[in-house]
Amino acid sequence: MSQQEDVCRLSRDPLSLQEVVDAVSSSSCGAISVFLGTTREDEVGGRRVLGLHYEAYESMVQSEFRKLCADLRGRWPGVKHICVHHRLGVGEASVAMAISSPHRHDGQQAIQHCISQLKARMPIWKKEVYHTQEESWKENSECPWSTSARLLTEKLHAEKTRACVDEAAGGGAS
Amino acid sequence: MTAQVSIIYFGQSAELTGLKEEEPVSVPTPISSRELWELLQQRHPRLAALRGHVVLAVSQQYVPVAEQLVVLRDGDEVAVVPPLSGG
Numbered sequence: 001m002s003q004q005e006d007v008c009r010l011s012r013d014p015l016s017l018q019e020v021v022d023a024v025s026s027s028s029c030g031a032i033s034v035f036l037g038t039t040r041e042d043e044v045g046g047r048r049v050l051g052l053h054y055e056a057y058e059s060m061v062q063s064e065f066r067k068l069c070a071d072l073r074g075r076w077p078g079v080k081h082i083c084v085h086h087r088l089g090v091g092e093a094s095v096a097m098a099i100s101s102p103h104r105h106d107g108q109q110a111i112q113h114c115i116s117q118l119k120a121r122m123p124i125w126k127k128e129v130y131h132t133q134e135e136s137w138k139e140n141s142e143c144p145w146s147t148s149a150r151l152l153t154e155k156l157h158a159e160k161t162r163a164c165v166d167e168a169a170g171g172g173a174s
Numbered sequence: 175m176t177a178q179v180s181i182i183y184f185g186q187s188a189e190l191t192g193l194k195e196e197e198p199v200s201v202p203t204p205i206s207s208r209e210l211w212e213l214l215q216q217r218h219p220r221l222a223a224l225r226g227h228v229v230l231a232v233s234q235q236y237v238p239v240a241e242q243l244v245v246l247r248d249g250d251e252v253a254v255v256p257p258l259s260g261g
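Quick note, the sequences are listed as chains A and B, same order.
For the first sequence, my numbering gives the first residue as 1, with consecutive numbering after it.
For the second sequence, my numbering gives the first residue as 175, with consecutive numbering after it.
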């Protein structure tokens with residue numbers, strides 16, 4: 001069983017941590033690193049989240065997952081199996097993932113990178129529905145084209161421009 | 175040259191256009207991703223709400239809205255991709 005197996009599953013059923021753990025178990029691995037993403041109750045602005053609506057570009061989720069797995073193995077060659085289950089319905093957990101590795105260091109690092117990259121690149125969208133009947137599409141700050149990421153880029157660019165101008169002004173006074 | 179492609183809309187872009195998919199859409203090729211985005215905004219002016227916070231995906235490859243030239247072929251899939259919220 002030396003074959004590396006990578007699985008990404010989108011499901012409307014409740015997620016099972018045991019399932020993702022079982023999917024990556026291997027006799028050559030002494031560590032299984034896991035991450036479980038849960039749904040936080042959003043009380044911002046006094047609005048309760050009544051429900052969640054998910055959308056996914058399913059074929060591209062799979063192609064992005066393949067790229068992610070290649071990225072993970074490039075950085076941590078010891079990684080054995082990778083399994084990600086993502087919920088597309090309302091429920092306690094939104095994502096469950098497990099990575100097996102011979103020793104724990106690679107798996108622990110890889111699982112952190114896996115969730116960061118998933119948030120930055122997986123074509124999945126989530127809309128919160130509030131008790132006020134308002135709705136809001138969520139945006140991951142990890143996503144480079146999110147509103148917050150764009151604002152940060154603009155802010156950093158403006159600061160850099162100011163720094164260059166200051167430096168040029170200082171240099172020209174000789 | 176033109177190509178007959180399908181355009182798929184996700185998240186807020188589907189709400190703004192009222193569509194999940196439209197095909198075939200005749201698009202000049204090659205075309206910059208910026209011009210492609212402008213073309214989509216012309217078809218659906220409400221998409222302007224996403225300006226600055228959107229990318230495209232052409233044949234499942236992310237393409238930022240910029241001067242990047244894209245070559246389209248008949249049957250290609252172009253997706254409008256608002257900010258992601260998976261995980």
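Even for Gly, the Cβ is constructed at its ideal location relative to N, Cα and C.
None of the values given here were measured: they were computed from a predicted structure.
- In the structure shown, residue 123 (chain A) adopts coil according to DSSP, grouped into three states.
- Annotation: residue 99 (chain A) to residue 246 (chain B) spans about 37 angstroms, alpha carbon to alpha carbon.
- For residue 22 (chain A), the enclosing alpha helix (DSSP H) covers residues 17-24.
- For residue 65 (chain A), the three-state secondary structure derived from DSSP is helix.
- Looking at the backbone, the Cα of residue 55 (chain A) and that of residue 111 (chain A) are separated by about 24 angstroms.
- In the DSSP assignment, residue 6 (chain A) is bridged to A:82.
- Taking each of A:113, A:146, A:16, A:61 in turn and checking the Cα distance to residue 258 (chain B), the smallest one comes out for A:146.
- Taking every protein chain shown into account, the CB of residue 121 (chain A) has 16 or more other CB atoms within 10 angstroms, so this residue is buried.
- Boundaries cannot be given for residue 222 (chain B), as no alpha helix (DSSP H) includes it and DSSP labels it neither H nor E.
- Here residue 199 (chain B) is bridged, per DSSP, to B:179.
- Distance from the Cα of residue 78 (chain A) is smallest, within the candidate group A:97, A:106, A:96, A:67, for A:106.
- Taking the Cα positions, residue 196 (chain B) is about 6 angstroms away from residue 180 (chain B).
- Pairing residue 220 (chain B) with residue 191 (chain B) gives a Cβ-Cβ distance under 8 angstroms.
- Using a CB distance cut-off of 8 angstroms, residue 143 (chain A) counts as an interface residue toward chain B.
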